[in-house]
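The numbers in the sequence shown follow the UniProt record's numbering, run straight up by one, and end at 232. Glycine included, each C-beta is placed from N, C-alpha and C at the ideal position. Owing to the predicted nature of the structure, the values given are computational and were not obtained by experimental measurement.
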Amino acid sequence: MSPLLNIGQVIKGKTKYLHHQQTIIRLRFPSTPAYQTPKSNSKAQNVIIESIRGHWRLKNEADILKHFQSKTSISSFRPLIDEIIEPADPPSIVLRYLDNDLLSESYKKTLTRSELKFVARRVLQALQVLHHDGFVHTDVKPDNILVNHGKGNERFSEVQLADFGGTVSVESKWAKEGHIVGTYKWRSPEVLLGMPWGTSSDIWSFGCSILMLIYGDHYPLNPKSGGVEVSR
Numbered sequence: 001m002s003p004l005l006n007i008g009q010v011i012k013g014k015t016k017y018l019h020h021q022q023t024i025i026r027l028r029f030p031s032t033p034a035y036q037t038p039k040s041n042s043k044a045q046n047v048i049i050e051s052i053r054g055h056w057r058l059k060n061e062a063d064i065l066k067h068f069q070s071k072t073s074i075s076s077f078r079p080l081i082d083e084i085i086e087p088a089d090p091p092s093i094v095l096r097y098l099d100n101d102l103l104s105e106s107y108k109k110t111l112t113r114s115e116l117k118f119v120a121r122r123v124l125q126a127l128q129v130l131h132h133d134g135f136v137h138t139d140v141k142p143d144n145i146l147v148n149h150g151k152g153n154e155r156f157s158e159v160q161l162a163d164f165g166g167t168v169s170v171e172s173k174w175a176k177e178g179h180i181v182g183t184y185k186w187r188s189p190e191v192l193l194g195m196p197w198g199t200s201s202d203i204w205s206f207g208c209s210i211l212m213l214i215y216g217d218h219y220p221l222n223p224k225s226g227g228v229e230v231s232r
């Protein structure tokens, strides 16, 4: 699928102009190129542009992040930097760029006990803030946990929860009617069974994520490893 935005294209945000440089760092479905935008000191800053045409998730992610960023600075959420107003199509938002996700990091090298504790604490802090306001992330998994690399013996300097496109209220029809959400291998039993779900489903997904980081793909309860059987 070709990118929705083009190399060399100048795009205007609500707060600044951004220029798409020729170096694209990575792409995510359907198209998430990395851009560079000048800071006040004229050094380039890497950011992520998410562009999705005809889907509610993009606006939902922007609304959720604005809701929390307007109240306080949440360092455990990957923040919204800007919203693109020109061009208006495709709808696009600007998000902070981080070095990698935990799934990729765990495949490169298993996390140590101290690294796991650091990651777990940061993700739980993010979920505590989210759940306090009555929201469910719905897709907690290692590839939605982003990290910046540290210096020296410090593997990670920052950990942030990302991808709030599917985040909904515990009072929403999705939660009360038991709609299927999230990614299969991280879903809680109530989600798999089509039962009403809430914030505890995020905690289940978090637990599965930590188990995967410890044991790899053959962690207990992974459906693909025969660790769980669900019947309705």
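Residue i - containing beta strand (DSSP E), residue span
i: Gln158; result: The sequence given here has Glu at residue 158, not Gln. Unbroken beta strand (DSSP E) run through Glu158: 156-161.
i: Ile180; result: Here Ile180 belongs to no beta strand (DSSP E), and DSSP marks it neither H nor E.
Option nearest residue i by Cα separation, candidates the options
i: Arg53; options: Arg78, Ile74, Gln160, Asp89; result: Asp89
i: Val94; options: Asn148, Val181, Ile81, Ser172; result: Ile81
i: Phe77; options: Leu124, Asp217, Leu116, Ile84; result: Leu124
i: Asp202; options: Lys66, Lys71, Leu127, Gly194; result: Leu127
i: Asp101; options: Val159, Pro196, Ser205; result: Val159
i: Ile85; options: Trp174, Ser51, Ile180; result: Ser51
i: Leu116; options: Ser75, Val170, Pro142, Pro196; result: Pro142
i: Leu193; options: Ala175, Ser209, Phe206, Gly207; result: Ala175
i: residue 258; options: Asp63, Ser205, Asp99; result: Because residue 258 is not part of the residues shown, which for the chain are 1 to 232, the question remains open.
i: Val129; options: Lys59, Gln45, Ser75, Trp56; result: Ser75
i: Glu171; options: Ser70, Pro196, His149; result: Pro196
i: Asp99; options: Ser209, Ile145, Arg121, Ile180; result: Ile145
i: Glu177; options: Ser157, Gly198, Thr183; result: Gly198
i: His149; options: Gly207, Glu105, Ile48; result: Glu105
i: Cys208; options: Val47, Leu58, Ile180, Leu103; result: Leu103
Alpha helix (DSSP H) segment containing residue i, residue limits
i: Leu213; result: 199-215
i: Glu190; result: 189-192
i: Trp174; result: 173-176
Helix, strand or coil at residue i [DSSP, three-state]
i: His149; result: strand
i: Val47; result: strand
i: Val170; result: coil
i: residue 242; result: Nothing can be reported for residue 242: it is not among the residues displayed for the chain, which extend from 1 to 232.
i: Val129; result: helix
Neighbour flag for residue i against chain B, beta carbons, 8 Å
i: Leu95; result: The structure shown contains no chain B, having only a single protein chain.
Item to check | Runs of beta strand (DSSP E) wholly within the segment 49-118 (minimum 3 residues, chain order) | outcome: Fully enclosed beta strand (DSSP E) runs of 3 or longer: 80-86, 92-96.
Checklist entry - Given 8 Å as the limit, is there contact between the segment 199-214 and the segment 93-112, that is, 3 or more CB pairs closer than that? => result At 8 Å Cβ cutoff, the stretches touch.
Checklist entry - Does the segment 150-158 come close enough to the segment 180-190 that 3 or more CB-CB pairs lie under 8 Å? => result Taking a cut-off of 8 Å for Cβ pairs, the segment 180-190 and the segment 150-158 do not touch, as fewer than three such pairs fall below it.
Checklist entry - Does the segment 136-148 come within contact of the segment 160-168, defined as at least 3 CB pairs closer than 8 Å? => result Touching, yes.
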